[in-house]
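The opening residue of the first sequence carries number 1 in full-length UniProt numbering; numbering runs sequentially from there.
We put the CB at the ideal spot given by N, CA and C, even for glycine.
Step one of this worksheet: look at the structure below.
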Amino acid sequence: MSAPAKAAGLPIGVDNQQIAEVFEEIAELLALQDANPFRIRAYRNAARTLRGEEHPLAERIAAGQALPKLPGIGHDLTEKITELARSGECQLLNRLRREVPPGLGELLQLPGIGPKRAHQLYHELGVDSLAALREAVAGGRVRRLSGFGRTLEDKLRRALASRTSGQQRYLLPQAAAQAGPLLDYLKQLPLVERALIAGSYRRRRDTVGDLDVLLQADAQDGQAMAAVLRFPAIAEVFASGATRASLGLRGGMQVDVRIVAADSFGAALQYFTGSKAHGIALRRRAQAQGCKLNEYGLFRDGNKLAGRNEADIYQALGLPPIPPELREDSGEIDAAEHNRLPRLIELDDLRGDLHCHTNASDGHDSLRQMALAAQRRGWQYLAITEHSRRLSVAHGLDTDRLLRQLDEIDRLNDELHGLTLLKGIEVEILADGSLDLPDELLARLDIVVGAVHSHYQLSRARQTARLQRAMDSPHFNILAHPCGRLLLQREPYPLDIERVIAHAKQRGCFLELNAQPQRLDLDDHCCRLAKHQGVLLSIASDAHRASDFDLLEFGIGQARRGCLEAADALNSRSLAQLRRLLR
DNA sequence: GCCGTTTTCGGCCCGACTGTTTTCAGTCG
């Protein structure tokens with residue numbers, strides 16, 4: 001935080017992100033109060049705007065600058081942002097928290113319950129939690145409400161009995177495992193000309209909640225959908241019409257299927273790829289140009305301007321095609337309009353991998369097998385980075401075993417053509433930030449990757465200081481999986497990632513984007529922060545077997561979401577350039 | 001609450017599906 005910010009007594013860390021979160025909570029609470037939907041929308045729009053803005057508003061306010069003229073933030077919201085940035089408090093939010101029972105939000109998780117019905121349940125039956133709803137359903141009171149009926153009550157009873165459905169998320173490979181057989185089935189149907197997955201899966205989000213399947217077929221007579229519904233692994237059909245259906249697979253995932261004609265396929269692909277916020281922003285843009293955009297095409301005065309191809313939709317709106325990974329309404333439309341879209345990194349841009357294991361520690365394949373697999377990929381280099389001694393569960397290497405591996409790497413390098421094995425280590429960063437191996441040993445390595453596998457519960461300040469101290473080690477190069485999250489299992493540890501990134505910049509160190517699908521750490525947001533600071537990222541597989549090099553695809557997906565270009569990756573560099581960067 | 005080739009009022013992204021109701025509101029994506 002800047003000096004003027006401190007002088008104004010601003011609470012540390014109140015930035016756009018946090019203000020956006022407050023605004024989103026306000027929107028949700030206002031919805032439960034049955035407030036004017038356009039007022040609610042204003043808060044949601046403001047939150048989106050704030051997420052796309054790079055400089056913390058708090059600092060600008062403290063520096064006496066006027067708020068930038070941001071779309072969707074008028075006088076009222078500017079005042080609220082100012083109040084929030086100055087005091088860290090939001091009176092409106094606090095009042096809403098007092099007025100809306102905390103359990104009411106839980107009701108929104110149930111199918112068929114939105115803000116209106118949650119509001120109705122609370123005000124007409126006093127239902128303020130799932131438990132209270134359960135009682136009201138059992139007592140037959142729900143079905144007597146206007147707009148409710150026996151069918152809806154039965155639906156709620158079933159949902160309350162099995163609270164798990166609908167909320168679960170899946171890692172990308174888990175989603176692929178369920179999507180694969182479905183796509184295979186759909187593609188062999190004679191009525192189906194094309195089948196692909198849109199939605200968050202296409203946008204390469206780190207986890208996906210459901211699958212959006214898009215089919216090109218003639219939906220008119222309902223035969224195509226009937227054929228879809230005969231897929232053997234369907235457990236339940238939640239809803240179905242001629243063009244749309246919502247299904248539950250036996251594997252647990254929910255699938256939304258849409259059938260469209262060829263001349264609308266591009267529009268539908270754009271529409272169902274999302275994100276919702278990107279779609280809304282695009283439709284508003286269309287509207288401002290006197291057009292209407294929906295899943296059938298872009299129209300002006302009833303005439304279709306585009307629809308067959310996705311790129312045509314963007315072009316007709318005066319934009320270059322926007323890669324799916326960027327479609328989150330976080331500045332990409334503005335960037336596209338001004339021809340500032342990044343040329344996103346691709347898998348082929350990588351010249352090697354800087355984090356992998358062999359059976360010397362906890363990997364499955366031998367050093368030679370890993371090297372040959374890397375060579376087959378045409379890479380220039382592969383860094384061998386076993387765990388160090390402290391990580392005994394992973395059979396971490398002590399000094400002697402590491403020295404023996406270095407000899408083995410020398411012998412193999414003599415044999416290999418085109419590929420250079422780099423001598424490395426994934427050294428434990430101990431609780432105090434010191435490293436698990438002596439400096440004189442680390443000095444003999446080409447590359448030192450440091451990682452945290454213990455003491456996750458340190459305070460934010462201590463964890464940050466720990467990582468900074470690790471980077472102060474003269475031989476430290478890359479901070480592996482910096483935030484320590486395990487998707488769907490473990491939250492990242494408390495960490496001031498911006499400070500860590502700044503320290504890496506100062507020390508000439510790099511951060512990793514770990515491509516393991518359960519990690520994807522750094523996440524997309526942190527990738528943008530690193531790019532902004534000019535800290536290169538190592539997009540690394542953390543392979544424990546040769547086939548794990550395929551996981552880099554997931555890392556690339558996340559990197560693209562994080563706006564990274566080839567030049568932002570450490571391992572897009574040639575071997576000679578890499579050696580210079582590693583000191 | 002925001003906004004303007006519709007400029008201080010009256011709109012606000014769009015359509016399918018469901019369930020309740022009898023013409024439509026709510027939910028969902």
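Outcome for residue i when other beta-carbon atoms lying within 10 angstroms are tallied against a minimum of 16
{"i": "residue 116", "result": "exposed"}
{"i": "residue 476", "result": "buried"}
{"i": "residue 544", "result": "buried"}
{"i": "residue 201", "result": "buried"}
{"i": "residue 69", "result": "exposed"}
{"i": "residue 346", "result": "exposed"}
{"i": "residue 271", "result": "buried"}
{"i": "residue 456", "result": "exposed"}
{"i": "residue 38", "result": "exposed"}
{"i": "residue 516", "result": "buried"}
Per-residue DSSP class, three states only, for residue i
{"i": "residue 358", "result": "coil"}
{"i": "residue 555", "result": "helix"}
{"i": "residue 294", "result": "strand"}
{"i": "residue 476", "result": "coil"}
{"i": "residue 231", "result": "coil"}
{"i": "residue 547", "result": "helix"}
{"i": "residue 330", "result": "coil"}
{"i": "residue 260", "result": "strand"}
{"i": "residue 304", "result": "strand"}
{"i": "residue 94", "result": "helix"}
{"i": "residue 377", "result": "coil"}
{"i": "residue 236", "result": "strand"}
{"i": "residue 248", "result": "strand"}
{"i": "residue 353", "result": "strand"}
{"i": "residue 148", "result": "coil"}
{"i": "residue 255", "result": "strand"}
{"i": "residue 25", "result": "helix"}
Per DSSP, cross-strand counterpart(s) of residue i
{"i": "residue 565", "result": "344"}
{"i": "residue 429", "result": "435"}
{"i": "residue 197", "result": "213"}
{"i": "residue 208", "result": "170"}
{"i": "residue 449", "result": "426, 478"}
{"i": "residue 514", "result": "521, 540"}
{"i": "residue 490", "result": "486"}
{"i": "residue 314", "result": "Looking at the DSSP assignment, residue 314 forms no beta bridge with any residue, so it has no partner."}
{"i": "residue 383", "result": "422"}
{"i": "residue 388", "result": "397"}
{"i": "residue 594", "result": "Because the chain in this structure spans residues 1 to 583, residue 594 falls outside the shown range and cannot be described."}
Rounded C-alpha distance that separates residue i from residue j
{"i": "residue 407", "j": "residue 568", "result": "33 Å"}
{"i": "residue 494", "j": "residue 439", "result": "28 Å"}
{"i": "residue 58", "j": "residue 78", "result": "11 Å"}
{"i": "residue 560", "j": "residue 540", "result": "14 Å"}
{"i": "residue 501", "j": "residue 195", "result": "42 Å"}
{"i": "residue 16", "j": "residue 528", "result": "15 Å"}
{"i": "residue 319", "j": "residue 102", "result": "43 Å"}
{"i": "residue 240", "j": "residue 246", "result": "6 Å"}
{"i": "residue 199", "j": "residue 512", "result": "27 Å"}
{"i": "residue 30", "j": "residue 86", "result": "23 Å"}
{"i": "residue 140", "j": "residue 159", "result": "16 Å"}
{"i": "residue 155", "j": "residue 111", "result": "8 Å"}
{"i": "residue 430", "j": "residue 405", "result": "23 Å"}
{"i": "residue 575", "j": "residue 373", "result": "18 Å"}
{"i": "residue 483", "j": "residue 65", "result": "33 Å"}
{"i": "residue 441", "j": "residue 399", "result": "7 Å"}
{"i": "residue 595", "j": "residue 149", "result": "Residue coverage of the chain in this structure runs from 1 to 583, which leaves residue 595 outside it and unanswerable."}
{"i": "residue 109", "j": "residue 292", "result": "32 Å"}
{"i": "residue 161", "j": "residue 131", "result": "11 Å"}
{"i": "residue 104", "j": "residue 94", "result": "16 Å"}
{"i": "residue 42", "j": "residue 49", "result": "10 Å"}
{"i": "residue 472", "j": "residue 508", "result": "10 Å"}
{"i": "residue 551", "j": "residue 370", "result": "14 Å"}
{"i": "residue 299", "j": "residue 338", "result": "24 Å"}
{"i": "residue 348", "j": "residue 542", "result": "18 Å"}
Distance between beta carbons of residue j and residue i, contact taken as under 8 Å
{"i": "residue 127", "j": "residue 136", "result": "5 Å"}
{"i": "residue 594", "j": "residue 99", "result": "Lying outside 1 to 583, the shown extent of the chain, residue 594 is not represented and no answer is given."}
{"i": "residue 120", "j": "residue 84", "result": "Not really, about 31 Å apart at Cβ, beyond 8 Å."}
{"i": "residue 203", "j": "residue 274", "result": "7 Å"}
{"i": "residue 210", "j": "residue 255", "result": "7 Å"}
{"i": "residue 395", "j": "residue 328", "result": "Actually they are not in contact, since the Cβ atoms of residue 395 and residue 328 sit about 41 Å apart, beyond 8 Å."}
{"i": "residue 367", "j": "residue 437", "result": "In fact, because the Cβ distance is near 19 Å, the residues do not count as touching under 8 Å."}
{"i": "residue 352", "j": "residue 36", "result": "In fact, because the Cβ distance is near 56 Å, the residues do not count as touching under 8 Å."}
heavy atom of the ligand SAH below 6 Å from residue i C-beta
{"i": "residue 506", "result": "No copy of the ligand SAH occurs in the structure displayed, which carries no ligand at all."}
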